[in-house]
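Undergrad: Before I ask anything, here is the structure I am working with.
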Amino acid sequence: MKKIISIVGARPNFMKIAPIHFEFLKYRDSVQHLICHTGQHYDEKMSKIFFEELNISKPDFYLGVGSGSHAVQTAAIMIEFEKVVIAEEPDLVIVVGDVNSTIACSLVAKKMNIPVAHVEAGLRSFDRTMPEEINRILTDSISDFLFVTEQSGINNLKKEGVDESKIFFTGNVMIDSLVQNLSKINSSSILSSLGLKKDDYILCTLHRPTNVDNKESLEKILMTINSYAEKKKIVFPVHPRTRANMKEFGIGTDLSPNFLFTDPIGYIDFLCLIKNASFIITDSGGIQEETTFLGVPCLTLRNNTERPVTITTGTNYLIGTDVSKLDSVITEILNGKMKKASIPAFWDGKAAERICSTLTNSIL
Ligand code: UD1
């Protein structure tokens, strides 16, 4: 029996590990798949709700590290995860995405000579001021299996000199979760509970430090979005970082009554909100992919994206951090002139199947 430990830590990790967890059940006679939750995200609505909704059992290990500066958080995860690795002696560690838990656990495993698989490898924003970019580069550089979601990932890894035998174009596990949950998403009652109708609202999310850690930029974004509240309702589930900053800066109190703030929303309800929105304004990474799959326009408030296929093939528009640039794109969309888009290769709900088959062929 081989033992594999998968790492989850922050909100976008849970839906990426769920399909891998289910796929490994097919191999249960030869693979024991365990989940380690670092506790990077710990609020019920940022963490527990995802385990319940995605039907994954409680994590096998919970490290409970919580928040902190990058060094404090990364170091705390490393110290705690090392104890798990010593006790469990896994044959492989799987990490996903680009959060602090990803680099912390891959570093621990690799230094103990345990092979590491990185799911969502090769993505690059080429912006080294983003903590996630550092996490991506470092994790990829020490991983043994690099599972890629889009062609740009392969190109980036090859340019960085990664041996091609380690790179596997397997598709997007986040889309696997979406496909697996589509009927639940379609039966969500979130629209009626928030008093919304299909297409009559704009969905917004913001949590990147460049947008929300500075009073001027956060205020400008909120005021600009508020100027569309006459045309459409605005639904804004607020990330804890953003909520704390709004409180500290004393902003967001004088917005239109059509501007609806909510707590973070669970996975199923949130995807239902994406699916039925007129369009989305966001600085998230994953939402750029989910909107592309669902065919909903996504206006990304960042100067770069590590997911370029969502622009070249999908529904994503890179607006930049200058929100005054929103206007022309929004006018186009409201006039029904959305760009033509399609679903990228291998975003077909079968990424976990390809990943688990590659891994089991190699380690069993
Ligand atoms: C992290 C990831 C980011 C990802 C995002 C998704 C890193 C470097 N960043 O950013 O890539 O897009 O998650 O949400 O790993 N907080 C709570 N409750 C929680 C979690 C956080 O109150 O459950 C608050 C804390 O005050 C904390 C702050 O939010 O200091 C930021 O949390 P943290 O995990 O450090 O980073 P995120 O901004 O969530």
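If you're matching positions, the sequence shown starts at -16 in our numbering and goes up one per residue.
Glycine included, C-beta positions come from ideal geometry on N, C-alpha and C.
(1) The ligand ZN and residue 190: does any heavy atom of the ligand fall closer than 8 angstroms to the residue's C-beta?
(2) Put residue 234 into one of helix, strand or coil per three-state DSSP.
(3) Quick check on the DSSP output: the alpha helix (DSSP H) that includes residue 20 runs from which residue to which?
(4) Would you call the segment 46 to 61 and the segment 84 to 100 in contact, with 3 or more CB pairs under 8 angstroms?
(5) Return yes when the C-beta of residue 114 is under 8 angstroms from any heavy atom of the ligand UD1, and no when it is not.
(6) Please state if the CB of residue 208 and the CB of residue 301 are separated by a distance shorter than 9 angstroms.
(7) What is the DSSP secondary structure of residue 103, reduced to helix, strand or coil?
(8) How do the segment 0 to 13 and the segment 251 to 268 stand: do at least 3 beta-carbon pairs fall below 8 angstroms, yes or no?
(9) I believe residue 95 touches residue 67 by the beta-carbon criterion, under 8 angstroms. Please report the beta-carbon distance rounded to the nearest angstrom.
(10) Kindly examine the ligand UD1 and report whether one of its heavy atoms sits closer than 8 angstroms to the Cβ of residue 84.
(11) Looking at residue 29 and the ligand UD1, is the gap between the Cβ and the nearest heavy atom below 8 angstroms?
(12) Please name the residue, chosen from 19, 50, 23, that lies closest to residue 41 on a Cα-to-Cα basis.
(13) Using a threshold of 9 angstroms, state whether the C-beta atoms of residue 1 and residue 38 are closer than that.
(14) Less than 9 angstroms between the beta carbons of residue 297 and residue 272, yes or no?
(15) Under a three-way DSSP split, which group does residue 265 fall into?
(16) Just grab the DSSP bridge partners of residue 150 for me.
(17) Within 8 angstroms: the Cβ of residue 20 and any heavy atom of the ligand UD1?
(18) Do you know offhand how far residue 120's Cα is from residue -5's?
(19) What residues in its chain sit with their C-beta under 8 angstroms from that of residue 200, if we drop five residues either side in the sequence?
(20) Hey, residue 324 and residue 275 are a contact pair by Cβ (cut 8 angstroms); roughly how many whole angstroms apart?
(21) Using 9 angstroms as the threshold, is the C-beta distance between residue 342 and residue 77 below it?
TA: The answer reads as follows:
(1) The ligand content of the structure shown is limited to the ligand UD1, which means the ligand ZN is not among them.
(2) Looking at residue 234 - three-state DSSP - the assignment turns out to be coil, as it is neither helix nor strand.
(3) Taken as a continuous stretch (DSSP letters only), residue 20 belongs to no alpha helix (DSSP H), being part of the beta strand (DSSP E) at 14 to 20.
(4) yes
(5) yes
(6) no
(7) strand
(8) At 8 angstroms Cβ cutoff, the stretches do not touch.
(9) With 8 angstroms as the limit, residue 95 and residue 67 do not qualify as a contact, their Cβ atoms being about 11 angstroms apart.
(10) yes
(11) yes
(12) 19
(13) Cβ distance < 9 angstroms, so residue 1 and residue 38 count as in contact.
(14) In contact: residue 297 and residue 272 (Cβ atoms closer than 9 angstroms).
(15) strand
(16) 129
(17) no
(18) 18 angstroms
(19) 193, 194, 304
(20) 7 angstroms
(21) yes
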